[in-house]
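Take a look at the structure below.
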Amino acid sequence: MAEQKSNPVWQHFTEPTPGKGKCNICNGLVSLGSQKGKKKNTTNLWSHLRCHHLQAYKDAQKEKEEAAASANVSQTIMDMFDAQRKWQNSDPRSKKLDTLVTEMIATDNQPFSFVSGIGFQRLVAAMEPRYKLKTEKHYRTDVLDGIITKVEKKIKTLIAEDAGPFLSFTTDCWSGDTEALMSLTCHFIDDNWERKQVILNAKAMSGSHTGEYISNMFISMLKHWDISHDRVVLVLRDSGANMVKGLRLTDVPDLSCSAHTIQLVVNNGINSQRVVLDVNAKLKTIAKHFNHSVLAKQHLKDIQKELGLPQHSLIQSEPTRWNSTLHMMQRMLEQKRAVNIYAGEYGKFATPTADQWDIIANLIDTLEPVEEVTLEISRSDSSISSVIPSIAVLKMLLQSEGPNTRGIKTLRETMLQSLEKRFAKIEETKCLVLATLLDPRYKNHVFGLDTLAKAKQWIKEEHAIVSEQLNIATTEDQGPDPKQRRVGEEESPGASSALEQMYANILGPHGSTAEETDDEHHISEQLKQYLREPLIDRQTGQPLEWWKQNTSRLHLLAQLARKFLCPPPSSVPSERVFSVIGNIYDDKRSRLTGEHAEQLCFLHDNLRFLNWEY
17 MAEQKSNPVW
27 QHFTEPTPGK
37 GKCNICNGLV
47 SLGSQKGKKK
57 NTTNLWSHLR
67 CHHLQAYKDA
77 QKEKEEAAAS
87 ANVSQTIMDM
97 FDAQRKWQNS
107 DPRSKKLDTL
117 VTEMIATDNQ
127 PFSFVSGIGF
137 QRLVAAMEPR
147 YKLKTEKHYR
157 TDVLDGIITK
167 VEKKIKTLIA
177 EDAGPFLSFT
187 TDCWSGDTEA
197 LMSLTCHFID
207 DNWERKQVIL
217 NAKAMSGSHT
227 GEYISNMFIS
237 MLKHWDISHD
247 RVVLVLRDSG
257 ANMVKGLRLT
267 DVPDLSCSAH
277 TIQLVVNNGI
287 NSQRVVLDVN
297 AKLKTIAKHF
307 NHSVLAKQHL
317 KDIQKELGLP
327 QHSLIQSEPT
337 RWNSTLHMMQ
347 RMLEQKRAVN
357 IYAGEYGKFA
367 TPTADQWDII
377 ANLIDTLEPV
387 EEVTLEISRS
397 DSSISSVIPS
407 IAVLKMLLQS
417 EGPNTRGIKT
427 LRETMLQSLE
437 KRFAKIEETK
447 CLVLATLLDP
457 RYKNHVFGLD
467 TLAKAKQWIK
477 EEHAIVSEQL
487 NIATTEDQGP
497 DPKQRRVGEE
507 ESPGASSALE
517 QMYANILGPH
527 GSTAEETDDE
537 HHISEQLKQY
547 LREPLIDRQT
557 GQPLEWWKQN
567 TSRLHLLAQL
577 ARKFLCPPPS
587 SVPSERVFSV
597 IGNIYDDKRS
607 RLTGEHAEQL
617 CFLHDNLRFL
627 NWEY
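The sequence shown begins at 17 in my numbering and counts up by one.
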């Protein structure tokens, strides 16, 4: 028997008859538990030895343990060999790690040469010796292309099935040392009333960037993503002549970036007054001195410690960012005493006079609310519904007078004139007006009766268009129930700042509106019902959440709200794409092609957006 040969207990037993074992020491018979081979066992044999022949039992047990140890050593050796044996490239485990390495490169903006680094190779060898790192080319071509294909397919499905019928976009152009790229971001409100943003392209450009070229680029990008023109609600762009012309030729609704326009307004104001330019020049000289001297920084830090001031470095303004001028002034005013003491002890530069320090303080008071508005309309969750209220508040701010306007009246007047000129047609722009009207934080409180009359007509027109697009039979629409509980309504609390007080003024109790004559038209009924209800709080209220909770009773207006609240107020999302591009084109990737830069930028944002599930 195989068992008799392998089990040490059989050195002391034989099986003269089936099911019985005979002890070779005492000739006693011991049951094997069964006569059948599969059910027989040696338990009784071991018990017999332990009870009657203890030394034989110990010898057999020792031999059994040695045999088991030998088997374990053989298995361990096999495991060691297996642990060191490299996976084949076709092994699913190897392919999975190939994908993870490539995803890491895209997500963390690492160069492909990262896989050749000895540190990374040692880490991988320690974590998984069986995985064989591939060449840079393998990850850059074979693996990257496969990921791009899958992610693109996922994004296309998302846009086609989950994004709804209305899409908005931002676009911008960027030029580096070796490549130029054009970005395209897509914005929509999904079925759950959540705002979504997807990076579609950072496409390499060639040749002269004329309006015609930009138009063709934009159309080709929409075509690539299977997006028809009738789904485009609005495209946000900068005010460059070629961008304006390009979008006009594309024949889609477009609008200038509000943040860029406000920057032009501020620059107009700063450049209009000589005393402001002189103050800026003096502050830039001071900041430059400290930014170029380690010793000067150390002396300033010592003075800051003695005075108990925050140990902050001075900020130098950047020509492309107007708020960097504000930040420079804020930091200089904070460190006023330290700067004056340093100048008295070490010389090197002239400090502002007492009058100039007063002007700096007044400039800060004027520009801080402007920055607050700019940051608000640049947030990722902002809507174009905030543009008209923001401009109304800025006008009120620049029209006001007081002690903090002394010495900068020319700047404020120029900014006001520039603001009125550049935003002269905002109440004639359908997207802006309807977005504001359909935002429960603002409604019709920020424009007059004439604009409201136009808005009501636009609502009817858009309802007809949207109903046709969605194939909705308007005759089956249900009218609103005026007794239904209004969800999410709350009165606006007291303003917490001068800027908030201005918002409170324009969003306060409003005069009665002209009655609609066609009371039988359901969309008009819903609009009147909606306008009669109180505003939700501007700071804490969530417009999309409000519409989510009130869709059932205002379902006709909700369709329009989903359409007109989806565009962002600025092209900042496209600028953020180029911030990623700037990180991609680092010193280790200076020869990266535009195609690969586009692919890496696309994956950098969308892998996170999809939570790496594609």
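Positions of the beta carbon are idealized from the N, C-alpha and C atoms, including for glycine.
Own chain, CB closer than 8 Å to residue i, minus 5 neighbours either side, in chain order
i, result
"alanine 176", "Asp242"
"serine 586", "Thr186, Leu252, Cys273, Ser274, Ala275, His276, Ile393, Ser394 and Ser398"
"arginine 428", "Gly285, Thr382, Leu414 and Thr421"
"glutamate 9", "The first residue shown for the chain is 17 and the last is 630, placing residue 9 beyond what the model contains."
Residues near residue i in its chain [Cβ-Cβ closer than 7 Å; skip 5 each side]
i, result
"lysine 300", "Gln332 and Ser333"
"leucine 543", "Lys472, Ile475 and Leu573"
"phenylalanine 136", "Phe130"
"isoleucine 121", "Phe128, Phe130 and Tyr155"
"leucine 448", "Ile400, Val403, Ile404 and Ile442"
"valine 140", "Tyr147 and Leu149"
"tryptophan 103", "Arg109, Ser110, Arg146, Tyr147 and Lys148"
"glycine 360", "none"
Cβ-based neighbour list, residue i, same chain, cut-off 6 Å, excluding 5 preceding and 5 following
i, result
"glutamine 51", "Pro34 and Gly35"
"proline 32", "Lys38"
"arginine 66", "Tyr73"
"isoleucine 302", "Phe365"
"histidine 69", "Ile41"
Expected contact under 8 Å - CB spacing of residue i and residue j to nearest Å
i, j, result
"leucine 325", "glutamine 351", "6 Å"
"alanine 220", "cysteine 617", "That pair is no contact at about 11 Å."
"tyrosine 155", "threonine 118", "5 Å"
"alanine 354", "isoleucine 319", "5 Å"
"glycine 49", "histidine 64", "Going by Cβ atoms, the distance from glycine 49 to histidine 64 rounds to 13 Å, so no, they are not a contact pair."
"lysine 459", "leucine 547", "6 Å"
Local Cβ density within 10 Å of residue i, reported as buried at 16 or more and exposed below that
i, result
"aspartate 486", "The amino acid at residue 486 is misidentified as aspartate; the sequence shows leucine. Leucine 486 is exposed by the Cβ-count criterion."
"histidine 345", "With the sequence shown as reference, residue 345 is identified as methionine, and histidine is not the correct amino acid for it. That one is buried."
"alanine 84", "exposed"
"glutamine 615", "buried"
"glutamine 314", "exposed"
"glutamate 436", "exposed"
"lysine 499", "Because the pLDDT of lysine 499 is 40, which lies under 50, any placement of that residue in the model is unreliable, and the question is left without a value."
"lysine 364", "exposed"
"serine 184", "buried"
"serine 22", "exposed"
"cysteine 42", "exposed"
"leucine 391", "exposed"
"proline 584", "buried"
"asparagine 566", "buried"
"aspartate 267", "exposed"
"tryptophan 563", "buried"
"threonine 533", "At threonine 533 the pLDDT is 39, less than 50, meaning the model places this residue with poor confidence; the figure from the coordinates comes in the next sentence. Answer is exposed; the Cβ neighbour count stays below 16."
"glutamine 126", "buried"
"proline 385", "buried"
"asparagine 622", "buried"
"isoleucine 481", "exposed"
Beta-carbon proximity check, residue i vs residue j, cutoff 9 Å
i, j, result
"phenylalanine 439", "serine 199", "no"
"histidine 479", "leucine 576", "yes"
"leucine 342", "leucine 383", "yes"
"valine 159", "threonine 115", "yes"
"serine 434", "glycine 285", "yes"
"aspartate 178", "aspartate 207", "yes"
"cysteine 582", "isoleucine 215", "no"
"alanine 76", "proline 24", "yes"
"isoleucine 163", "leucine 626", "no"
"lysine 261", "isoleucine 230", "yes"
"valine 291", "glycine 423", "yes"
"phenylalanine 580", "alanine 451", "yes"
"aspartate 270", "leucine 238", "no"
"valine 46", "asparagine 57", "no"
"lysine 298", "proline 368", "yes"
"leucine 323", "methionine 348", "no"
"tryptophan 338", "glutamine 279", "yes"
"leucine 453", "leucine 468", "yes"
"glutamate 152", "leucine 113", "no"
"valine 281", "methionine 431", "yes"
"glycine 227", "asparagine 258", "yes"
"proline 589", "serine 288", "no"
"aspartate 188", "glutamate 591", "yes"
"glutamine 213", "valine 295", "no"
Taking only runs that begin and end inside the stretch 285 to 358, name each unbroken alpha helix (DSSP H) of 4 or more residues, in chain order. 290 to 307, 310 to 323 and 338 to 350
As an exercise, report each continuous alpha helix (DSSP H) stretch of at least 4 residues that is fully enclosed by the stretch 160 to 208, in chain order. 160 to 173
Which residue spans inside the stretch 31 to 96 form an unbroken alpha helix (DSSP H) run of at least 4? 59 to 68
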